[in-house]
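K.L.:
Residue numbering for the sequence shown follows my numbering, starting at 34 and increasing by one per position. Quick reminder that beta carbons are idealized off the backbone N, C-alpha and C, glycines included. So that we are looking at the same thing, I have put the structure below in structure tokens.
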Amino acid sequence: MLFRSIVLQGRRWLLLTDSPRRYRHRKYVSQLFQNLQKIPPQDSQLHCKSHKLMIYNDIIQNCHPGGFHLLPLGQRVLDKLIKVIDEELDTIGAQKICMPTLALASLWKKTDRWDSAGAELFRLKDRHKQDYCLGPTHEELVTDLISKMGNNLSYKKLPVRLYQISRKFRDEMHPRHGLLRSREFEMKDLYTFDTTEENAKKTYEEVCQVYENIFNRLGLQFKKVIGATGNIGGKLSHEFLLQSDIGEDTIIVCNSCQYGRNIEVEDPSVRENKCPSCGSELDKMSAIEVGHSFLLGTKYSEILGSTYKDKNGQNIVTQMGCYGLGVTRILQAGIEVLSEDEAIRWPKIISPYQICIIPQMKGYMEEKFMELANNLYDELVTVPNLRGEVVIDNRTRFTVGNRLTQANRLGYPYVVVIGKSAIDEEPKFELQDIYNKTTDFLSSSQIISKLSNIKTAGQ
Ligand SMILES: [Zn+2]
């Protein structure tokens, strides 16, 4: 019986009572597009822990050099990461847009970057023999966009803060370490337009603060250092990095204060390896760059004619900033710095699922254990922060221990085992906190109240 009809205030209503659709939408591990039975990769090309873990656990799959498929769990994590970034950028009034991937060469030639970008730029021609590139970054396009507002951009609208999260391209000579140095990657690029240099600096500080908030929410310990301006240019630049032996950047940081710089940046005030701010010893370390900020001044706005109208109706050149976050790079770098050798540890709030329910192995009272698992699932997903965060490992041909090992390897933060004590007179479920390595035997309502407090993306 799916519908029940009732009469209320003289009208007949059809009530949906027991929709089978709800059950079809339960997430079962047996249906996930992944192969948990494969042997660990022996590929000698896999030099780093995160790359191995992502291949082994079907987070990504190789396609061609520097090109990867993101499989369903990887895509879920990426979507959550984007959600966190969107939420934090929203707090400073940044507006999301989407620019074309193809960028016209003539714009890149105006800023001289068509030549200076060298072999890393993917170039192509259309049928009319027009030159284009696959955008690795979009200063030209966004500045051209602002210039098209022409005389209509009033000082009252500024600051304008526009960003996109999209696929970027770089023809790497040696793609390696999976998503850390690939030829296509997801990047968040934000471009800001202010009236004065002073206001552009305020924007710069606000964006850097947002970056700190993002890394803090992800539980990633970052280093913020003075960065090189490179091919992008500008007056001031900071890099955000995660310390890791496989990182391709070398940074020098002070242990006592905030001072730090990329080794590419000269600092004449450094003497005998002492911090120029506080005099403490400086530390040198390898790190993975995950974010970069640039105060650009008028480098692009002057050439491409991006202006605003001031109080007196004069056209004034805008002061720009640009800010990148390597989104797929954060995804993998997060795994690299948090994981154990044999088990993924995600930035917890973006874990593909928060909870994995494992019912007893098949045999004795098999249907009862599965029913308990389904019921717990249905209750958990009604809690707002757990909606879509639960999966049932229904492969009951495997022992609980076997499935626990795999759940641990995949890094689900919480596992609920529905074992023999679940059919006691006072039923208890085994809640394992995987990251803190603790186990509790709790009733279903205790489990729900405990898990309703965990932070998930968007909470
Ligand atoms: Zn210092």
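Looking at C287 and ligand 1, is the gap between the Cβ and the nearest heavy atom below 6 Å?
P.N.:
Position 254 of the sequence shown, counted from the start, is the residue given in the question as residue 287. For C287, the shortest C-beta to heavy atom distance toward ligand 1 is below 6 Å.
K.L.:
Going by beta carbon distance, what residues of the same chain come within less than 8 Å of I388, once the five residues before and after it are set aside?
P.N.:
Your numbering for residue 388 matches position 355 in the sequence shown. Excluding residues within five positions, the ones whose Cβ falls inside 8 Å are L413, L419, E422, V423, V424, Y445, P446, Y447, V448, V449 and L484.
K.L.:
Hey, out of G183, K453, R362 and C308, whose CA is closest to R214's CA?
P.N.:
In the sequence shown, the residue the question calls residue 214 occupies position 181. For the residues G183, K453, R362 and C308, the minimum Cα distance to R214 belongs to R362.
K.L.:
Fully enclosed by the segment 101–183, which alpha helix (DSSP H) runs are 4 residues long or longer?
P.N.:
105–123, 138–143, 146–149 and 172–181
K.L.:
Counting only the same chain and skipping the five closest in sequence on each side, list residues whose C-beta sits under 8 Å from that of T283.
P.N.:
Against the sequence shown, residue 283 aligns to sequence position 250. Cβ neighbours of T283 beyond the five flanking positions: N295, I296, K317, M318, S319 and A320.
K.L.:
Return the residue from the list R209, T429, A406 and E281 that minimises the CA-CA distance to F101.
P.N.:
Here the question's residue 101 lines up with position 68 in the sequence shown. Distance check between F101 and each of R209, T429, A406 and E281 places R209 closest, using alpha-carbon atoms only.
K.L.:
Given a cut-off of 7 Å, decide if I451 and I392 are closer than it, judged by their beta-carbon atoms.
P.N.:
To locate residue 392, count along the sequence shown from 1; it is residue 359. To locate residue 451, count along the sequence shown from 1; it is residue 418. The amino acid at residue 392 is misidentified as Ile; the sequence shows Pro. Yes, the Cβ-Cβ distance between P392 and I451 is below 7 Å.
K.L.:
Which residue from S334, T262 and M220 puts its Cα closest to that of K143?
P.N.:
Residue 143 sits at position 110 when you count from the first residue of the sequence shown. Out of S334, T262 and M220, S334 has the C-alpha closest to the C-alpha of K143.
K.L.:
Does the beta-carbon of Y292, which I'm using as the reference point, lie nearer than 6 Å to any heavy atom of ligand 1?
P.N.:
By one-based count along the sequence shown, residue 292 stands at place 259. Flag set: Cβ of Y292 near ligand 1.
K.L.:
For P392, name the three-state secondary structure that DSSP assigns.
P.N.:
Position 359 of the sequence shown, counting from 1, holds the residue named residue 392. Looking at P392 - three-state DSSP - the assignment turns out to be strand.
K.L.:
Going by alpha carbons, who is nearest to G126 out of D457, G263, T236 and V298?
P.N.:
The residue you call residue 126 lines up with position 93 of the sequence shown. Considering only alpha carbons, the answer is T236.
K.L.:
What's the gap between the Cα of P53 and the Cα of Y410?
P.N.:
Within the sequence shown, residue 53 is the residue found at index 20, counting from 1. Within the sequence shown, residue 410 is the residue found at index 377, counting from 1. A caution first: P53 carries a pLDDT of 48, below 50, which makes its placement in the model unreliable, though a value can still be read off. Roughly 15 Å between the two C-alpha positions.
K.L.:
Return helix, strand or coil for A261, following the three-state DSSP convention.
P.N.:
Taking the sequence shown and counting its residues from 1, one reaches residue 261 at position 228. A261 falls in the coil class under three-state DSSP.
K.L.:
To test your reading of the DSSP string, which unbroken alpha helix (DSSP H) runs of 4 or more residues are found completely within the segment 425–489?
P.N.:
433–443 and 477–484
K.L.:
Could you tell me the distance, in whole angstroms, from the CA atom of I151 to the CA atom of N264?
P.N.:
Against the sequence shown, residue 151 aligns to sequence position 118. Against the sequence shown, residue 264 aligns to sequence position 231. According to the sequence displayed, residue 151 carries Gly and not Ile. Approximately 10 Å between the Cα atoms of the pair.
K.L.:
On the CB-based measure, 16 or more other CB atoms within 10 Å of its CB, does D227 come out buried or exposed?
P.N.:
Here residue 227 refers to the residue found at position 194 of the sequence shown. Buried is the call here.
K.L.:
When you compare each of I467, I456 and C131 to S476 by their alpha carbons, which one comes out closest?
P.N.:
Within the sequence shown, the letter at position 443 stands for residue 476. Of I467, I456 and C131, the residue nearest in Cα terms is I456.
K.L.:
What residue range does the alpha helix (DSSP H) around I363 cover?
P.N.:
Sequence index remark: in the sequence shown, residue 363 carries index 330 (1-based). Its alpha helix (DSSP H) spans residues V360 to L371.
K.L.:
Below 8 Å, how does it come out for the segment 303–315 and the segment 325–345: are there three or more Cβ pairs, yes or no?
P.N.:
no
K.L.:
Please name the residue, chosen from S326, M394 and V416, that lies closest to G267 on a Cα-to-Cα basis.
P.N.:
As a position in the sequence shown, residue 267 is number 234, starting the count at 1. Nearest of S326, M394 and V416 to G267, Cα basis: S326.
K.L.:
Among residues of its own chain, excluding the 5 on either side of K381, which ones have a beta-carbon nearer than 7 Å to its beta-carbon?
P.N.:
On the sequence shown, residue 381 is found 348 positions in, with the first residue counted as 1. Answer for K381: G252, P446 and Y468, listed in chain order.
K.L.:
Who are D316's beta bridge partners in DSSP?
P.N.:
Within the sequence shown, the letter at position 283 stands for residue 316. The partner list for D316 (beta bridge, DSSP) reads V286.
K.L.:
Does the segment 186–198 come close enough to the segment 84–93 to have 3 or more Cβ pairs within less than 8 Å?
P.N.:
no
K.L.:
With distances taken from CA atoms, which of Q254, L174 and G354 is nearest L275?
P.N.:
Here residue 275 refers to the residue found at position 242 when the sequence shown is read from its first residue. When C-alpha distances from L275 are compared across Q254, L174 and G354, the shortest belongs to Q254.
K.L.:
One question on the structure: do E153 and D204 come within less than 7 Å of each other, judged by their Cβ atoms?
P.N.:
By one-based count along the sequence shown, residue 153 stands at place 120. By one-based count along the sequence shown, residue 204 stands at place 171. A contact, by the Cβ cut-off of 7 Å.
K.L.:
Say the cut is 6 Å; is the CB of S302 nearer than that to a heavy atom of ligand 1?
P.N.:
Mapped onto the sequence shown, residue 302 falls at position 269. No, Cβ of S302 sits at least 6 Å from all heavy atoms of ligand 1.
K.L.:
What I want to know is whether the C-beta of C311 ends up closer than 6 Å to one or more non-hydrogen atoms of ligand 1.
P.N.:
In the sequence shown, residue 311 corresponds to position 278, counting from 1. Under cutoff, so the answer is yes.
K.L.:
When burial is assigned at 16 or more other CB atoms within 10 Å of the CB, is G396 buried or exposed?
P.N.:
Walking along the sequence shown from the start, residue 396 turns up at place 363. By the 10 Å Cβ count, G396 comes out exposed.
K.L.:
Give me the DSSP bridge partner(s) of C355.
P.N.:
As a working mapping, residue 355 is identified with position 322 in the sequence shown. The partner list for C355 (beta bridge, DSSP) reads Y224 and F327.
K.L.:
What does the alpha-carbon distance come out to for the pair W379 and L371?
P.N.:
By one-based count along the sequence shown, residue 379 stands at place 346. By one-based count along the sequence shown, residue 371 stands at place 338. Whole-angstrom Cα-Cα distance: 7 Å.
K.L.:
Taking only heavy atoms of ligand 1 into account, decide whether any of them is closer than 6 Å to the Cβ of C241.
P.N.:
To locate residue 241, count along the sequence shown from 1; it is residue 208. Not one heavy atom of ligand 1 lies closer than 6 Å to the C-beta of C241.
K.L.:
In its own chain, which residues sit with a C-beta less than 6 Å from the C-beta of M403, not counting the 5 before and 5 after it?
P.N.:
In the sequence shown, the residue the question calls residue 403 occupies position 370. P392, listed in sequence order.
K.L.:
Just to check, is the beta-carbon of C308 closer than 6 Å to a non-hydrogen atom of ligand 1?
P.N.:
For the purposes of this step, residue 308 is taken as the residue at position 275 of the sequence shown. Checking the Cβ of C308 against ligand 1 gives yes.
K.L.:
Suppose the cutoff is 6 Å on Cβ atoms and the five residues either side in sequence are ignored; what does the same chain contact list for K113 look like?
P.N.:
Translated into the one-based positions of the sequence shown, residue 113 becomes position 80. Contacts found: I383 and A490.
K.L.:
Which whole-angstrom value describes the C-beta separation of G211 and I336, a residue pair presumed to lie in contact below a C-beta threshold of 8 Å?
P.N.:
Here the question's residue 211 lines up with position 178 in the sequence shown. Here the question's residue 336 lines up with position 303 in the sequence shown. In fact, because the Cβ distance is near 37 Å, the residues do not count as touching under 8 Å.
K.L.:
Please state the DSSP three-state secondary structure of G421.
P.N.:
Position 388 of the sequence shown holds residue 421. In the three-state scheme derived from DSSP, where H, G and I count as helix and E and B as strand, G421 is classed as coil.
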